[in-house]
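Q: Got a structure for you, written out below as structure tokens; questions coming shortly.
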Amino acid sequence: MDAITVKNLTKKFDDLIAVNDISFTVKEGEIFGLLGPNGAGKTTIIKMLATMLKKTSGVARVLDWDVGKNPDEVRRSIGIVFQDPSLDDQLTGKENLDFHARMYGVRKKIRKERIEQVLNLVDLFGKKDILVNNYSGGMRRRLEIARGLMHYPRVLFLDEPTLGLDTQTRRAIWEHIIKLNHEEKITVILTTHYMDEADFLCNRVAIIDEGKILVVESPENLKNMMGEDIISIGVSDGEAFSKKLSSLNWIQGVSHGDGIINLSVKRGEEKIPLLINFAQKENLAVQFVSLHKPTLEDVFIDFTGRNIREENGSTKTLIRDMIRARTRK
Amino acid sequence: MFKNFKCEVVYNLWLREMKRFVRAKSRLVANIAQPFFWLAIMGMGFGSTMKFRELPPGVDYLNFLVPGIMGMTLLFSSMFAGLSVLWDRQFGFLKEILVAPVSRLSIIGGMIAGSVTTGLIQANLILLIGLFFGFRISHPAALIPAMIIMMLIAVSFTAMGIAFASKMEDMHGFQLIMNFVIMPIFFLSGALFPLEGLPSWLSFLARLNPLTYGVDGLRALLLGLSHFSIQLDFSILILFCLAMLGLGTYLFKNCEL
Ligand SMILES: Nc1ncnc2c1ncn2[C@@H]1O[C@H](COP(=O)(O)OP(=O)(O)OP(=O)(O)O)[C@@H](O)[C@H]1O
Ligand SMILES: [Mg+2]
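So the protein sequences, as listed, match chains A and B. If you use my numbering, the first sequence corresponds to residues 1 to 329, in order. If you use my numbering, the second sequence corresponds to residues 1001 to 1257, in order.
This is the structure we're talking about:
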């Protein structure tokens, strides 16, 4: 059985088509990422799957339950961390968690245990009896995530779970998500703006832009689709060196910048020693070397034609910028 | 329809409402202060300066006013509790409630349980204040049916508040409801003046108003003074209560986030 089946799903808000005829499936046990710039339609997709928003047309199923026809069954199988705030700030952190656990029928004994566990996970144990009203923004976010990870649903939706969190907390949450996925066999659908997050967590990602899915692939395959690694190297006599390079047939492209030579190669990490040996044989001193492998971000820019934080600029100039950025790193 | 009704969920929402009620001290003070002023100022002011020709001898205006102000307290606190769905929507907590795997019916049940509890506490505080001002209950046993009337009022108007809140997108409609629903219901309920000898249009509107029968029932039981028969008061309140429960549940079930 698939955890999620989406066929020709469409959502219109008056004139705006927020989700435009998309189809994808998520297998049980997968961690699936939805990647896209602001306003791409990620949250709208999740809201429809979580029965919070009625679809305009198409099919959306969670564990074979139709979200329109069997919303109760769907709600019984899912958990969700919302992108927008959804805490009661007149309750304490612990009370918010307790409310959640009771709503989801978590038994009394497990309830205490889980509350403690997730509070420790997000490092809020010491603040558990303070009103959420007195929490900082990041603490609220952490509490929301903790709450979402408390009952173990079969399908877990995480809408930008780690937005605005510090690195340590993000790491801890990533590891916990992976643990839930492995040990509890929880299927996870997450949206994110962070490429490293998608890369670290997801078995597959869908890149979404303007309500359309552009591609669904594993992060590895996507990065391979981007082709070569780039080695940037500086040597004492750049001119001489670059001329000699033409004898190396594994180099697929050469370009120059101010004293930097950029080479596109396959499996760059193995080529660096070869290059250094080569330079030494030619009696040239290597000043620096760096390797840039394509990241999910590059893939993303390639597909959406823009940086995740930028909204305009033509595809061409951005791809050029991207290549420049890649070679500069 | 009732198979998904879970008492645990009702308890959970009730518990949340109690915690919020206990913490929001300023809200409680405001909720009690207003009826207190009505009693103290209107009751004393009008009571000592004017003679209501429709009031039987021995019943002064303050006595007459106490059940009315109890009705007012119930109306306000229940409507606000129902409308607090709007706040929950604004602050996002409604998402947390609605996405949970529990029936809408249990959720409404929980909200109403919370609202009825806080409403009864406040109405009885007003009754206590009334006693302090010299109000005398006709017969102690009458308190029990009076409680049932208070509950009917509270349930009905909480459900009405939920119904309105389900149809409203944001908080802007709140003032409209305050001015065009809550206030007219209060003023036209006979809480402040006797229904005898009213001009016919006013009397007609008062008879259309469900709170009229609530206030009349309270007055009948607590004061032994009434305009309609207690059977009629109960019947109309029960019908109104069922209608509001139906409407509130229907609209709440169909509200989008
Ligand atoms: N309730 C609504 N009414 C009208 N338009 C809406 C509504 N909700 C979303 N939209 C529009 O739908 C589009 C997609 O929004 P959505 O929230 O799904 O984006 P997103 O991919 O989650 O973006 P972000 O990364 O900023 O969270 C946006 O253009 C947004 O303005
Ligand atoms: Mg979003």
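We put the CB at the ideal spot given by N, CA and C, even for glycine. Just so you know, these numbers come straight off a predicted model, no measurement behind them.
How is F288 of chain A classed by DSSP in three states: helix, strand or coil?
A: Strand, per DSSP.
Q: If the cut-off is 7 Å on Cβ atoms, which residues from the region 1059-1089 of chain B count as contacting chain A, listed in chain order?
A: Correct list: empty, as no residue qualifies.
Q: Can a CB atom of chain B be found closer than 8 Å to the CB of K54 of chain A?
A: Answer yes: the Cβ-Cβ gap between K54 of chain A and chain B drops below 8 Å somewhere.
Q: So with CB distances below 8 Å, who are the chain A contacts of K1095 of chain B?
A: Within chain A, the residues near K1095 of chain B are M52, F82, D84, S86.
Q: Determine the contact status of I173 of chain A and P161 of chain A, defining contact as a CB-CB distance below 8 Å.
A: Yes, they are a contact pair.
Q: From T92 of chain A to V106 of chain A, what distance separates their C-alpha atoms?
A: In a straight line, the C-alpha of T92 of chain A is about 19 Å away from that of V106 of chain A.
Q: Closer than 7 Å to a non-hydrogen atom of ligand 2 - does that hold for the CB of Q83 of chain A?
A: Answer for Q83 of chain A: yes, Cβ within range of ligand 2.
Q: Compile a chain-ordered list of the residues in the region 88-122 of chain A whose CB is closer than 8 Å to at least one CB of chain B.
A: Here the close residues are D88, D89, Q90, L91, E95, F99, H100, R102, M103, Y104, G105.
Q: Verify the contact flag: T1073 of chain B, CB atom, against every heavy atom of ligand 2, threshold strictly below 7 Å.
A: Not under cutoff, so the answer is no.
Q: Taking L291 of chain A as the reference, which of A:V265, A:A279, A:N277 has the closest Cα?
A: Considering only alpha carbons, the answer is A:V265.
Q: Taking I4 of chain A and I189 of chain A to be in contact with their CB atoms under 8 Å, please state how far apart those CB atoms are, rounded to whole angstroms.
A: Rounded, the Cβ-Cβ distance is 7 Å, consistent with contact.
Q: For F1240 of chain B, would you say it is in contact with chain A, using Cβ-to-Cβ distances shorter than 8 Å as the test?
A: Output row for F1240 of chain B: interface = no.
Q: Quick test of your reading: A146 of chain A and L119 of chain A, contact by CB under 8 Å. State the CB separation rounded to the nearest angstrom.
A: The Cβ separation is near 6 Å, so the contact holds.
Q: Shortest alpha-carbon distance to A1146 of chain B belongs to which of B:A1165, B:L1086, B:I1230, B:V1059?
A: Selected option, being the one with the closest Cα: B:I1230.
Q: In this structure, how does DSSP classify V216 of chain A when only helix, strand and coil are distinguished?
A: Residue state, collapsed to three classes: strand.
Q: Distance check for S1106 of chain B and L1257 of chain B, CA to CA, integer angstroms please.
A: One C-alpha to the other measures close to 18 Å.
Q: Per DSSP, what kind of secondary structure is V299 of chain A in: helix, strand or coil?
A: In this structure, V299 of chain A counts as helix in the three-state DSSP scheme.
Q: Per DSSP, R61 of chain A is paired with what?
A: In DSSP, R61 of chain A forms a bridge with A:T5, A:D66.
Q: Any heavy atom of ligand 2 within a distance shorter than 7 Å of the CB on T304 of chain A?
A: Not so, every heavy atom of ligand 2 lies at least 7 Å from the Cβ.
Q: Could you list which residues in chain B have their beta carbon closer than 9 Å to that of R141 of chain A, in chain order?
A: Within chain B, no residue comes near R141 of chain A; the closest Cβ sits about 12 Å away, beyond 9 Å.
Q: Taking the straight line between their C-alpha atoms, what separation do you get for D2 of chain A and T1117 of chain B?
A: Their backbone Cα atoms lie some 46 Å apart in a straight line.
Q: Indicate whether at least one CB of chain A lies closer than 8 Å to the CB of R1053 of chain B.
A: With 8 Å as the cut-off, R1053 of chain B does not count as an interface residue toward chain A.
Q: Is A146 of chain A a contact residue of ligand 1, with contact defined as CB to any heavy atom under 7 Å?
A: Outside the cutoff, so no.
Q: The alpha helix (DSSP H) spanning V188 of chain A covers which residue range?
A: No alpha helix (DSSP H) holds V188 of chain A; the beta strand (DSSP E) holding it covers 187-192.
Q: Taking Cβ positions, are W65 of chain A and V59 of chain A nearer each other than 8 Å?
A: No, these two residues do not count as a Cβ contact at 8 Å.
Q: So with Cβ pairs under 8 Å, would you call R370 of chain A a contact of chain B?
A: No answer is possible for residue 370 of chain A: the residues shown for chain A start at 1 and end at 329.
Q: Would you give the residue range spanned by the alpha helix (DSSP H) that D199 of chain A belongs to?
A: Segment 195-201, the alpha helix (DSSP H) holding D199 of chain A.
Q: Determine contact between the region 1119-1136 of chain B and the region 1192-1200 of chain B, defined as no fewer than three beta-carbon pairs at a distance below 8 Å.
A: No, they do not touch.
Q: Thinking C-beta only, is T1158 of chain B closer than 8 Å to S1103 of chain B?
A: Against a cut-off of 8 Å, the Cβ pair of T1158 of chain B and S1103 of chain B comes out as no contact.
Q: Of all the CB atoms in chain A, is at least one closer than 8 Å to the CB of K1019 of chain B?
A: Cβ-Cβ to chain A under 8 Å: yes for K1019 of chain B.
Q: Would you check whether ligand 1 has a heavy atom nearer than 7 Å to the C-beta of A18 of chain A?
A: Yes; taking the cut-off as 7 Å, the Cβ of A18 of chain A has a heavy atom of ligand 1 nearer than that.
Q: Do three or more CB pairs link the region 183-198 of chain A to the region 34-48 of chain A at distances below 8 Å?
A: Yes, the region 183-198 of chain A is in contact with the region 34-48 of chain A.
Q: The beta strand (DSSP E) with L337 of chain A in it runs from where to where?
A: Beyond the ends of chain A as shown, which are 1 and 329, falls residue 337 of chain A; an answer cannot be given.
Q: Judging by CA-CA distance, which residue of B:L1205, B:L1131, B:I1149, B:L1188 is the nearest neighbour of G1043 of chain B?
A: Checked all of B:L1205, B:L1131, B:I1149, B:L1188; the closest Cα to G1043 of chain B is B:L1131.
Q: Does the Cβ-Cβ distance between L124 of chain A and R142 of chain A come in under 8 Å?
A: Taking 8 Å as the Cβ cut-off, L124 of chain A and R142 of chain A qualify as a contacting pair.
Q: Locate the beta strand (DSSP E) running through T25 of chain A, then write down its first and last residues.
A: First-last of the beta strand (DSSP E) with T25 of chain A: 16-27.
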